[in-house]
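In our numbering, the protein residues as written are 2 to 322.
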């Protein structure tokens with residue numbers, strides 16, 4: 002079995018057809034078909050199901066696609082691993098960040114990383130935490146800064162801070178209290194993330210414990226989508242975010258704390274199966290240092306630093322679960 006067999010097979014699965022894959026990798030379709038026939042003969046298994054609509058992997062093909070993708074990604078990273086094994090960190094590092102955290106920190110961290118690690122090329126993406134975690138697990142990202150609730154052991158992680166959840170509304174409430182109960186929440190139209198989602202899981206459990214059912218009128222995954230829906234007046238949302246200044250929140254009400262309190266943990270995660278390169282380790286260290294400094298300069302309401310060093314709390318008292 003040759004690496005080219007794996008490359009061709011992965012490209013065909015991703016393209017969904019032999020013809021599209023042939024165009025992408027500039028190999029004649031008959032030659033591509035021959036390579037896959039050789040691979041299937043060597044393994045003694047059928048790897049692709051062919052139909053008028055294209056091709057899709059068989060059960061064995063799905064296993065091969067997953068493992069071959071990981072092998073090829075490791076091969077792509079190998080030059081960077083070797084070059085950055087000593088001296089100044091260099092190479093490419095793929096960083097994913099929760100959209101909620103990215104709204105506040107992404108731009109400043111990218112700027113700080115460029116200044117601190119000039120030979121590192123940072124490939125940045127933002128999504129919901131579950132998507133970031135899935136991409137780290139699949140080796141599609143090197144590092145993720147995510148919100149977590151249950152700490153899954155498939156990741157190497159560094160917890161940084163805990164963050165309380167808040168109710169975010171469009172207009173200031175006539176109620177002068179700073180918190181809202183779950184029975185009060187049950188009377189509201191809510192815009193919540195669609196499952197599977199870490200924030201949604203925590204919220205659903207809390208509603209179940211309170212013996213009430215949320216009235217979910219819209220489901221959305223990205224911070225920008227949820228806030229856009231709130232601004233239309235469709236409903237209110239619940240976020241691990243008590244400061245809206247970084248999302249132009251002047252037209253939104255002051256966020257209200259949930260009572261009893263709910264928390265998420267912001268963690269830096271990486272794969273426990275694929276060790277970080279020297280450059281990846283440098284970015285992870287820089288990110289942890291940046292987040293701590295960011296919270297020192299701009300304390301986030303409802304946050305508590307748990308990542309070692311100086312404890313940070315935005316409230317007058319430490320927040321404990």
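Quick reminder that beta carbons are idealized off the backbone N, C-alpha and C, glycines included.
Since we're looking at a predicted model, the values are computed, not measured.
Whole-angstrom distance between residue j and residue i, CA atom to CA atom
{"i": "residue 269", "j": "residue 199", "result": "15 Å"}
{"i": "residue 181", "j": "residue 298", "result": "28 Å"}
{"i": "residue 289", "j": "residue 120", "result": "19 Å"}
{"i": "residue 276", "j": "residue 237", "result": "41 Å"}
{"i": "residue 156", "j": "residue 305", "result": "22 Å"}
{"i": "residue 256", "j": "residue 114", "result": "31 Å"}
{"i": "residue 320", "j": "residue 240", "result": "Residue placement at residue 320 is poorly supported in this model, since its pLDDT is 33, which falls under 50; the coordinates are not used for a value here."}
{"i": "residue 97", "j": "residue 126", "result": "5 Å"}
{"i": "residue 190", "j": "residue 296", "result": "32 Å"}
{"i": "residue 13", "j": "residue 194", "result": "33 Å"}
{"i": "residue 144", "j": "residue 249", "result": "28 Å"}
{"i": "residue 284", "j": "residue 118", "result": "8 Å"}
{"i": "residue 140", "j": "residue 67", "result": "10 Å"}
{"i": "residue 142", "j": "residue 212", "result": "39 Å"}
{"i": "residue 110", "j": "residue 2", "result": "43 Å"}
{"i": "residue 271", "j": "residue 137", "result": "6 Å"}
{"i": "residue 313", "j": "residue 123", "result": "Residue confidence for residue 313 is low, a pLDDT of 43 falling below 50, so the modelled location carries little weight; the figure read from the coordinates is stated next. One C-alpha to the other measures close to 28 Å."}
{"i": "residue 220", "j": "residue 95", "result": "28 Å"}
{"i": "residue 16", "j": "residue 273", "result": "29 Å"}
{"i": "residue 266", "j": "residue 129", "result": "14 Å"}
{"i": "residue 57", "j": "residue 65", "result": "12 Å"}
{"i": "residue 163", "j": "residue 263", "result": "10 Å"}
{"i": "residue 215", "j": "residue 187", "result": "5 Å"}
{"i": "residue 183", "j": "residue 260", "result": "7 Å"}
{"i": "residue 52", "j": "residue 222", "result": "34 Å"}
{"i": "residue 226", "j": "residue 50", "result": "38 Å"}
{"i": "residue 204", "j": "residue 178", "result": "21 Å"}
{"i": "residue 197", "j": "residue 33", "result": "38 Å"}
{"i": "residue 59", "j": "residue 294", "result": "49 Å"}
{"i": "residue 104", "j": "residue 281", "result": "22 Å"}
{"i": "residue 106", "j": "residue 116", "result": "16 Å"}
{"i": "residue 286", "j": "residue 148", "result": "18 Å"}
{"i": "residue 28", "j": "residue 108", "result": "40 Å"}
{"i": "residue 311", "j": "residue 76", "result": "Low confidence applies to residue 311: its pLDDT is 41, below 50, so where it sits in the model is not reliable, and the reading given next is rough at best. Straight-line Cα distance between these residues: approximately 40 Å."}
{"i": "residue 245", "j": "residue 185", "result": "22 Å"}
{"i": "residue 71", "j": "residue 135", "result": "14 Å"}
Contact check, residue i vs residue j, beta carbons under 9 Å
{"i": "residue 232", "j": "residue 252", "result": "yes"}
{"i": "residue 26", "j": "residue 6", "result": "no"}
{"i": "residue 1", "j": "residue 254", "result": "Residue 1 cannot be examined here, being either before or after the span of the chain that is shown, 2 to 322."}
{"i": "residue 48", "j": "residue 39", "result": "no"}
{"i": "residue 258", "j": "residue 308", "result": "no"}
{"i": "residue 30", "j": "residue 20", "result": "yes"}
{"i": "residue 243", "j": "residue 207", "result": "no"}
{"i": "residue 150", "j": "residue 202", "result": "yes"}
{"i": "residue 224", "j": "residue 132", "result": "no"}
{"i": "residue 55", "j": "residue 18", "result": "yes"}
{"i": "residue 61", "j": "residue 10", "result": "no"}
{"i": "residue 99", "j": "residue 166", "result": "no"}
{"i": "residue 279", "j": "residue 160", "result": "no"}
{"i": "residue 4", "j": "residue 79", "result": "no"}
{"i": "residue 169", "j": "residue 228", "result": "yes"}
{"i": "residue 88", "j": "residue 171", "result": "no"}
Beta-bridge partners of residue i, as assigned by DSSP
{"i": "residue 55", "result": "52"}
{"i": "residue 45", "result": "Paired residue(s): none; residue 45 is not in a bridge."}
{"i": "residue 92", "result": "121"}
{"i": "residue 128", "result": "99"}
{"i": "residue 145", "result": "97, 270"}
First through last residue of the alpha helix (DSSP H) which encompasses residue i
{"i": "residue 171", "result": "No alpha helix (DSSP H) contains residue 171, which DSSP labels as neither H nor E."}
{"i": "residue 151", "result": "Element bounds for residue 151: n/a, residue is neither H nor E."}
{"i": "residue 192", "result": "Per DSSP, residue 192 belongs to no alpha helix (DSSP H); it is in the beta strand (DSSP E), 190-193."}
{"i": "residue 284", "result": "279-298"}
{"i": "residue 14", "result": "4-16"}
{"i": "residue 22", "result": "19-26"}
Residue range of the unbroken beta strand (DSSP E) whose run includes residue i
{"i": "residue 164", "result": "156-165"}
{"i": "residue 304", "result": "304-306"}
{"i": "residue 219", "result": "216-220"}
{"i": "residue 202", "result": "Residue 202 -> not in any beta strand (DSSP E); alpha helix (DSSP H) instead, spanning 199-211."}
{"i": "residue 182", "result": "180-182"}
Problem - Secondary structure, beta strand (DSSP E): runs of 3+ residues fully inside the segment 248-272 - result: 257-260, 264-272
Exercise for the section: For the segment 223-247, list the alpha helix (DSSP H) runs that are entirely contained and at least 4 residues long, ordered along the chain. Expected result: 224-233
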